[in-house]
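The structure under discussion appears below in the form of structure tokens.
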Amino acid sequence: MPADEYLGDDEELDVEWVVKDMLPRSFLVVLGGGSKSGKSCLVTAMAHAITRGEPFLGKETEQGVVLWCAFEESKMERKLVLSKFGDREDHPNLVIAHDLPKIDTPEGLEVLRKAIERYKPSLIVIDPLYGAHSQESLSGGTSGRNCLEGLKKLCADYNVAAIVIHHFTKNVGAGLTRERMADSGQILAAASMDILMDSVETDDGFRLIRLKAKGRGGFASFDWRILSRSVTEFELLEAKSGAAPDPSADDAILACLNEALAPLSASEVHEKTGIPLQTVRNNLTALKNKGQLMVEKHGREYYYGAPV
Numbered sequence: 091m092p093a094d095e096y097l098g099d100d101e102e103l104d105v106e107w108v109v110k111d112m113l114p115r116s117f118l119v120v121l122g123g124g125s126k127s128g129k130s131c132l133v134t135a136m137a138h139a140i141t142r143g144e145p146f147l148g149k150e151t152e153q154g155v156v157l158w159c160a161f162e163e164s165k166m167e168r169k170l171v172l173s174k175f176g177d178r179e180d181h182p183n184l185v186i187a188h189d190l191p192k193i194d195t196p197e198g199l200e201v202l203r204k205a206i207e208r209y210k211p212s213l214i215v216i217d218p219l220y221g222a223h224s225q226e227s228l229s230g231g232t233s234g235r236n237c238l239e240g241l242k243k244l245c246a247d248y249n250v251a252a253i254v255i256h257h258f259t260k261n262v263g264a265g266l267t268r269e270r271m272a273d274s275g276q277i278l279a280a281a282s283m284d285i286l287m288d289s290v291e292t293d294d295g296f297r298l299i300r301l302k303a304k305g306r307g308g309f310a311s312f313d314w315r316i317l318s319r320s321v322t323e324f325e326l327l328e329a330k331s332g333a334a335p336d337p338s339a340d341d342a343i344l345a346c347l348n349e350a351l352a353p354l355s356a357s358e359v360h361e362k363t364g365i366p367l368q369t370v371r372n373n374l375t376a377l378k379n380k381g382q383l384m385v386e387k388h389g390r391e392y393y394y395g396a397p398v
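So the sequence shown is numbered by the numbering used here: it starts at 91 and just counts up by one.
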């Protein structure tokens, strides 16, 4: 296919968010952390917010179904966690599955495909990867990639996000680097994005969490600090983006919005100014956070305008 057809319209590059600035549709994300670091609790809180269309870490969510595939927890263990978030009527749009076939087998992928077609989830959670695959080891040249490639294709085919929860090695001396991710090489190569999670307990019993992300697209690289006061309460304290805005483009973007007769999408600003689309997105977010823009949402698209 010629490149001009393959790349298509700029609109096709617009990110569809499940969680704004954190989790895009169609992405396969590997979340790694140490044992008992709170990985499942963090993702459970995210899933709860998505099913209810409520903010997570102050970020907007697209309300939708979450399919939680528990390959390690028993039903009682999962129920105990969910009970912290309320009674049974407090969990709309949440589907939980146990005793599933492995995700790197034809049987497992077919079960997932049918579940996706039936429930139409926004997010699939695989918890954890070690319980979800049939390989003897994930450290081989192809086994790590093979265990995720079928799931990644489902994400692309059905425009659904997936979070795969994985473990760190015990090599604490490596710091919060991708080398800490167990069997990291091919697993991370197959993922659209990886998030490293570290947490420490404070003197008052809270948890300070750091999420360090790297992936395809400027939005997929960030470094966040989070405070967790309980398994249901997470607060974003500090957010650093790996794709910093370009201040030199602010004047052109603001002038474009001031001249427009109606609010514009990021793609429309890009078309009118010629500024790279990702730079436009980054700068619009920064200007919004400074209170220099108005933002409206129509469907899944955000539109930006000069303040009244």
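Backbone N, C-alpha and C define an ideal beta-carbon position, used for all residues, glycine too. Since we're looking at a predicted model, the values are computed, not measured.
Query: Test item: CB-CB of K298 and L286 under 9 angstroms; Result: Sequence inspection shows Leu at residue 298; the Lys mentioned does not correspond to that position. No. Outside cutoff.
Query: Cutoff 6 angstroms; reference K169; Cβ partners in own chain excluding five residues on either side; Result: none
Query: Residues that G295 bridges to, as DSSP identifies them; Result: Answer by DSSP bridge pairing: none, since G295 is not bridged.
Query: Cutoff 6 angstroms; reference E325; Cβ partners in own chain excluding five residues on either side; Result: L317
Query: Assumed close pair K149, M112 - CB separation to whole angstroms, cut-off 8 angstroms; Result: 6 angstroms
Query: Integer Cβ distance of M283 from V119, believed to fall under 8 angstroms; Result: 5 angstroms
Query: Closest Cα partner of T141 within the set A352, M91, L184; Result: L184
Query: For C159, the residue or residues it bridges with in DSSP; Result: A187, I216
Query: beta-carbon S173 near the ligand ATP non-hydrogen atom, thresh 8 angstroms; Result: As far as ligands go, the structure on display features none, and thus does not contain the ligand ATP.
Query: Proximity of D194 and Q225 at Cβ, strictly below 9 angstroms; Result: yes
Query: Span separating the alpha-carbon of V359 from that of S311; Result: 23 angstroms
Query: Buried or exposed by the 16-neighbour rule on C-beta atoms within 10 Å, applied to M91; Result: exposed
Query: Run of the alpha helix (DSSP H) containing S130, from where it starts to where it stops; Result: 129-142
Query: Assigned secondary structure, E101 (DSSP; H/G/I helix, E/B strand, else coil); Result: Summary for E101: the model assigns pLDDT 47, below 50, so the residue's position carries little reliability, and this model does not support an answer.
Query: Y209 and L244 closer than 9 angstroms at C-beta; Result: no
Query: Spatially closest choice to D294 from R235, R319, G198, by CA coordinates; Result: R319
Query: Through-space distance from V385 to L351, alpha-carbon basis; Result: 15 angstroms
Query: Q368 versus E361: straight-line alpha-carbon distance, rounded; Result: 12 angstroms
Query: Nearest-angstrom beta carbon gap, C159 and D217 [assumed within contact, 8 angstroms]; Result: 7 angstroms
Query: Exposure of T292, with buried meaning 16 or more beta-carbon neighbours within 10 Å; Result: exposed
Query: Counterpart residues of Y394 in DSSP-defined beta bridges; Result: L354, V385
Query: Local Cβ density within 10 Å of L327, reported as buried at 16 or more and exposed below that; Result: exposed
Query: Residues bridged to S311 (per DSSP); Result: Looking at the DSSP assignment, S311 forms no beta bridge with any residue, so it has no partner.
Query: Spatial neighbours of N249 in its chain, beta-carbon cut-off 6 angstroms, leaving aside the 5 residues before and after; Result: R115, S116
Query: C-beta contact flag for A339 and N379 at 9 angstroms; Result: no
Query: Cβ shell of C346 (< 6 angstroms), same chain only, five flanking positions each side left out; Result: V359, K362, T363
Query: Nearest-angstrom Cβ-Cβ length linking V370 and I343, presumed shorter than 8 angstroms; Result: 7 angstroms
Query: Where the beta strand (DSSP E) through A281 begins and ends; Result: Where A281 is concerned, there is no enclosing beta strand (DSSP E), given that its DSSP letter is neither H nor E.
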